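For the record, the sequence lines run as chains X and C.
Each residue of the first sequence is one higher than the last, beginning at 1 in the numbering used here.
Each residue of the second sequence is one higher than the last, beginning at 1 in the numbering used here.
Every residue, glycine too, gets a C-beta built ideally from N, C-alpha and C.
Quick caveat, the model's predicted, so the values are computed rather than measured.
Before any comments, here is the structure.
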Amino acid sequence: MAENKIKAKEQAFKELSSKEKTKKITDLLLNNAMYIIIVLAVIYISIKVPAFLKLPSIVNVISLTAAKLPIALGIGGCIVLTGTDISAGRVVGLTACISASLLTTTYKVFPDMTSAPPIIVVLLIIIVAGGLVGLVNGFSVAKFKLHPFIVTLSTQLIVYGIILMYLMRGTNNGQTLSGLTDGYRSLITGTLFSIPTATGSVAVPKYVLYSIILVILMWVIWNKTTFGKNMFAVGSNEEAANVSGVNVSKTIIMVFVLAGMMYAITGFLDGARIASANANTGLNYECDAIAACVIGGVSFVGGIGRISGIVVGVLLLQIIFTGLNFLAVDANMLYIIKGLIILIACAIDMRKYLVKK
Amino acid sequence: MEEPNQQTTPQLRGLYSKVKISVRTLNIVIVVLIALLIVCMAYGIKKGGFRVSFDTQGGTVVESQIRMYGELLENPTLPTREGFEFDGWYLDPGGTVPWDTDTDTVTESMTLYAKWKEK
């Protein structure tokens, strides 16, 4: 009798599991659709253009990922708070312009200057500048209870205006800033180490190291500090966090200030990396960063996300866009593809939580 | 008892708190969007090629070229201009970043500018 019952149960389980299996497979396929598409695309691209999987191209992808990581790490915090930050790209532009105008050999923006200030001073100035924009964002979100979209839209415009006015200063007349000092350039783009290949060697730039340091720093902040835990608490349930004694306003403001500082560092790296800065530096960077975060599992549902996810997100996005560039896909089409990727990533993200519900 | 329960099954909150869509509809939306993405990529790859245009800055018109990633430019017919001598192609209108048609390879869509020196 007992054996029969167990057998019947087994039978029922098997029948159920076949149904469940198809459901599980659909879940698996759809929830990981983004990764599957990217893997397939990489396979296709590497067959079409074998150079894509060669060392120079891999180092190129890693360097570009490193350059775009800090901004994504900053925006990740804002998304954990169910917000976002669309002023990020312009802050990158502003800080890149400030760095390029001070650490220069031509003194166009400040004609009275006779020598470039120490790099560390410039770094502090731009971190303060980025932090200030973050403070305005955070304060408005925390105290006025405005949606981050609206707040950061306005700061985006304000910062853009400031960039344009800043570039009109002195004898520069709105032109691209270049002629950076060797010290600044070599600090960022100097060779960290080079990998020998058959046809010479591939240099890994120093900013890869800085990005790794920032990732470790942000991992510690997110996972090992009270502030990090408060951030996740506020993101998942603001009222509950408030009741349990978390200073919600302070946490929100700090997340945005930290994000602002991260954009400033991105700007500092970008100025030297591109070797020039103008009003368009940093344009649309926030779109890439938000897309990378959502692909990496930082959810708009709030209070969910990991640093490792952000790193993977930025890397995957960089791989696919470098690959499409290898196939000479037109830049106009890349915008459409980028938009679709963000939309799909959000839909998949939403699905994960709908199913759980 | 409520708190651990909430932690194991997250409710739809945050930006999704007002979402009203069934999983089935969402599945269809995702599949359609993915199909659209693949079509866009395929179209982009098929139509692939970077457009390199030439701005002769007052000289005769030079036709633009479509090149693939990493290719050299086909030697463009050199433009002429009354009273000036052609002094090479440059990446910027000011003529500070030169483009060597023998060694530089195309990696993006771009415009090259002619530089002129007076005869």
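Of the residues X/Phe321, X/Leu29, X/Ala142, the one whose Cα lies closest to the Cα of isoleucine 337 of chain X is X/Phe321. For alanine 198 of chain X, there is no enclosing beta strand (DSSP E), since its DSSP letter is neither H nor E.
Assigned with DSSP and collapsed to three states, serine 194 of chain X falls in strand. Taking a cut-off of 8 angstroms for Cβ pairs, the stretch 192 to 210 of chain X and the stretch 58 to 68 of chain X touch, as three or more such pairs fall below it.
Beta-bridge analysis with DSSP links tryptophan 89 of chain C to C/Trp99, C/Ala114. Along the stretch 64 to 80 of chain C, going in chain order, the ones with a CB nearer than 8 angstroms to a CB of chain X are Arg67, Met68, Tyr69, Gly70. Residue-level contact check: threonine 82 of chain X touches chain C, since one or more beta carbons of chain C fall below 8 angstroms from its beta carbon. If you draw a straight line from the Cα of isoleucine 307 of chain X to the Cα of tryptophan 219 of chain X, it comes to about 6 angstroms. For glutamate 108 of chain C, the residues of chain X that pass the 8 angstroms Cβ criterion are Asn325, Ala331, in the order they occur in the chain. Closer than 8 angstroms to the CB of isoleucine 34 of chain C there is at least one CB belonging to chain X. Among the residues facing chain C, tyrosine 353 of chain X is included, as its CB has a counterpart in that chain under 8 angstroms away. The beta carbon of valine 298 of chain X sits closer than 8 angstroms to those of Gly76, Ile79, Val80, Ile304, Gly305, Arg306, Gly309, Ile310, Gly313, all from its chain and outside the five residues before and after it, given in chain order. Contact note: valine 52 of chain C does not reach chain X at a C-beta cutoff of 7 angstroms; the least C-beta distance is about 11 angstroms. Chain order gives the chain C residues near isoleucine 348 of chain X as Ile30, where near means a beta carbon separation below 7 angstroms. If you draw a straight line from the Cα of valine 301 of chain X to the Cα of tyrosine 107 of chain X, it is about 47 angstroms long. Exposure of phenylalanine 193 of chain X is indicated by the presence of fewer than 16 other C-beta atoms within 10 angstroms of its C-beta. DSSP places glutamine 11 of chain X in the helix class (H, G or I) of the three-state scheme. For the options X/Gly260, X/Ser140, X/Ile71, the alpha carbon positioned closest to that of leucine 124 of chain X is the one of X/Gly260.
Flagged as an interface residue toward chain C: alanine 328 of chain X, by a C-beta distance shorter than 8 angstroms. Listed by position along chain C, the residues whose Cβ is nearer than 9 angstroms to that of phenylalanine 232 of chain X form an empty set, because the closest Cβ is around 12 angstroms away. Using a Cβ-Cβ distance cut-off of 8 angstroms, the stretch 38 to 47 of chain C and the stretch 326 to 334 of chain X are in contact, since at least three pairs of beta carbons, one from each stretch, lie closer than that value.
Under the Cβ criterion of 8 angstroms, phenylalanine 256 of chain X is not counted among the residues facing chain C.
Exposure of serine 244 of chain X is indicated by the presence of fewer than 16 other C-beta atoms within 10 angstroms of its C-beta.
Contact note: tyrosine 16 of chain C reaches chain X through Phe300, Val301, Met350, Tyr353, using a C-beta cutoff of 7 angstroms and chain order. Within the same chain, and ignoring the five residues on either side of leucine 164 of chain X in sequence, the residues whose Cβ sits closer than 8 angstroms to its Cβ are Gly174, Ala279. Close to chain C, meaning a Cβ-Cβ distance shorter than 8 angstroms, are the following residues of the stretch 35 to 46 of chain X: Ile37, Ala41.
Chain C has no Cβ within less than 8 angstroms of the Cβ of isoleucine 86 of chain X. Within chain C, no residue has its CB atom less than 7 angstroms from the CB of leucine 132 of chain X, the nearest being about 27 angstroms off. Counting every other CB atom within 10 Å of its CB across the protein chains shown gives lysine 224 of chain X a total below 16, marking it as exposed. Counting C-beta pairs closer than 8 angstroms gives three or more between the stretch 338 to 353 of chain X and the stretch 288 to 295 of chain X, which meets the contact rule. Every alpha helix (DSSP H) stretch that sits fully inside the stretch 251 to 318 of chain X and reaches 4 residues is listed by chain position as 285 to 295. Taking C-beta atoms under 8 angstroms as the contact rule, serine 46 of chain X and leucine 55 of chain X fail to qualify, at a distance of about 13 angstroms. Taking the Cα of methionine 254 of chain X as reference, the smallest distance to any Cα among X/Lys24, X/Leu132, X/Ile119, X/Lys21 is reached at X/Leu132. Nearest to alanine 96 of chain X by alpha-carbon distance, out of X/Ser140, X/Ile188, X/Ile216, is X/Ile188.
By alpha-carbon distance to asparagine 172 of chain X, the top candidate from X/Phe227, X/Leu283, X/Leu102 is X/Leu102.
Inter-segment contact for the stretch 68 to 75 of chain C and the stretch 87 to 103 of chain C is present: three or more beta-carbon pairs are separated by less than 8 angstroms.
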